[in-house]
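In this note's numbering, the protein residues as written are 6 to 400.
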């Protein structure tokens, strides 16, 4: 029996690995990257953490004959430490998985170990908007070559001993002006129901991109996939870069996403039902904000199922803030999904003010967020339907 780290090391050995890591967005970004690279003509392999409609049989993996292997790089239990990426995408870093990581510092240390796995001559594609990502990139033990520097044509440096060695490139992306690649003028696209934005590189316009996803984070994930694809294919399409960029934009514009990642699972004339895997306070806040942005005048009902007791307890206040501070019209919280019943006991804590139903933390989240509680998924559906019917003027 192999651990995930051991298994990833075995299946990716000898391949050029493009690893997508981060607390949020890694499934969506790795899927988009794999689909975009395949659209550009690369027969890449890929393993991601969700089912991708454009993969064979809509599964979460695809095999290919090319040397490139796209991997969703998961920090939990150090699974991504089995990888030796040629390209490492770092989207964001914050505290998560409290059953594994006691605090944010422990998470940062794990990501630092991951970046040390990047091969010499490789590239880190880093979100310059994220403070923890910036700190991690600046703290790399090896000399980092920023793509804006003209260090040397062949990307080789002399170290103190006089030995020539390859350095690690760093390419930044994001919304801020400090990034090499930027998403500018992000806007809701009424025609597609997604979002559109302009891609700029070093202040120069590259392309307009419209993607099906909604919200600022969808734009950021798409930009990350675009930049990562450009890095992976560096040197392959230099004779016709514009055509290559157009291919990437078409692929990202027609990307069908990942199951349970802001997926529209049903609609009628007046009702839309979305399924999203948001299970961290930050993701919950961004997902609800994206829904409100795309459906400004709609009655917005949110049914939230907390994921793991340790996360719900440790991040209790953040969950309350994310839900109560949202612009949702109705909130219902259902029972915690106990994904890891044997969580490490040293990170779990009792909430002294949780007194309803024996201290059920989901009940407490609902009460503090000003929402309702439903013990089962069926009860949650019934409460959403009733709230929507009442808002529509039903009896």
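Quick reminder that beta carbons are idealized off the backbone N, C-alpha and C, glycines included.
C-beta contact flag for residue i and residue j at 8 Å
i: residue 337; j: residue 385; result: yes
i: residue 220; j: residue 318; result: no
i: residue 41; j: residue 212; result: no
i: residue 344; j: residue 289; result: no
i: residue 311; j: residue 341; result: yes
i: residue 133; j: residue 69; result: no
i: residue 234; j: residue 38; result: yes
i: residue 285; j: residue 104; result: no
i: residue 281; j: residue 304; result: no
i: residue 96; j: residue 29; result: yes
i: residue 61; j: residue 53; result: no
Of the listed residues the options, nearest to residue i (C-alpha basis)
i: residue 110; options: 86, 120, 226, 99; result: 99
i: residue 14; options: 122, 34, 138, 68; result: 122
i: residue 129; options: 137, 136, 120, 54; result: 120
i: residue 279; options: 286, 300, 259; result: 300
i: residue 32; options: 103, 136, 9, 262; result: 262
i: residue 200; options: 260, 61, 59, 315; result: 260
i: residue 383; options: 309, 11, 329, 137; result: 309
i: residue 203; options: 197, 194, 187; result: 187
i: residue 245; options: 16, 45, 20, 12; result: 45
i: residue 373; options: 103, 81, 325; result: 325
i: residue 183; options: 103, 320, 208; result: 208
i: residue 177; options: 214, 191, 135, 190; result: 135
i: residue 402; options: 88, 258, 222, 365; result: There is no way to answer for residue 402, as the model of the chain reaches only from 6 to 400.
i: residue 225; options: 243, 190, 241; result: 190
i: residue 81; options: 112, 63, 258, 138; result: 112
i: residue 1; options: 106, 294, 59; result: Residue 1 lies beyond the range of the chain shown here (6 to 400); nothing can be said about it.
i: residue 43; options: 249, 264, 210; result: 249
i: residue 94; options: 108, 138, 198; result: 138
Inter-residue Cα distance where the pair is residue i and residue j
i: residue 291; j: residue 332; result: 11 Å
i: residue 375; j: residue 125; result: 52 Å
i: residue 227; j: residue 7; result: 33 Å
i: residue 218; j: residue 254; result: 14 Å
i: residue 35; j: residue 115; result: 20 Å
i: residue 236; j: residue 127; result: 10 Å
i: residue 216; j: residue 141; result: 29 Å
i: residue 10; j: residue 84; result: 4 Å
i: residue 55; j: residue 323; result: 26 Å
i: residue 283; j: residue 239; result: 33 Å
i: residue 394; j: residue 368; result: 24 Å
i: residue 371; j: residue 175; result: 43 Å
i: residue 173; j: residue 181; result: 23 Å
i: residue 252; j: residue 214; result: 11 Å
i: residue 91; j: residue 21; result: 6 Å
i: residue 320; j: residue 313; result: 11 Å
i: residue 18; j: residue 87; result: 10 Å
i: residue 242; j: residue 273; result: 44 Å
i: residue 389; j: residue 378; result: 11 Å
i: residue 222; j: residue 296; result: 12 Å
i: residue 315; j: residue 339; result: 16 Å
i: residue 392; j: residue 275; result: 15 Å
i: residue 195; j: residue 258; result: 14 Å
i: residue 5; j: residue 64; result: Since the displayed the chain opens at 6 and closes at 400, residue 5 lies outside it and no answer follows.
i: residue 265; j: residue 277; result: 15 Å
i: residue 387; j: residue 397; result: 15 Å
i: residue 16; j: residue 78; result: 14 Å
i: residue 287; j: residue 108; result: 16 Å
Residue i at chain C interface by Cβ criterion, 8 Å
i: residue 109; result: Given the protein chain composition of this structure (a single chain), no chain C is represented.
Check whether the segment 13-30 and the segment 228-248 are in contact - that is, three or more C-beta pairs closer than 8 Å.
yes
Which runs of the alpha helix (DSSP H) at least 4 residues long sit entirely within the segment 50-123? Give them in chain order.
109-120
Would you check if there are 3 or more beta carbon pairs closer than 8 Å linking the segment 70-83 to the segment 46-53?
Cβ pair count under 8 Å is three or more, so yes.
Report the start-end ranges of each alpha helix (DSSP H) in the segment 237-261 that is 4 residues or longer and not cut off at the edges.
The segment 237-261 contains these whole alpha helix (DSSP H) runs: 246-258.
Entirely within the segment 262-316 and at least 4 residues each: give me those alpha helix (DSSP H) ranges in chain order.
Counting whole runs of 4 or more residues, the segment 262-316 contains the alpha helix (DSSP H) stretches 286-299.
In chain order, which continuous runs of the beta strand (DSSP E) of length 3 or greater are located wholly inside the segment 194-235?
200-206, 209-216
List, from N- to C-terminal side, the alpha helix (DSSP H) runs of 4 residues or more that fit wholly inside the segment 28-53.
31-44
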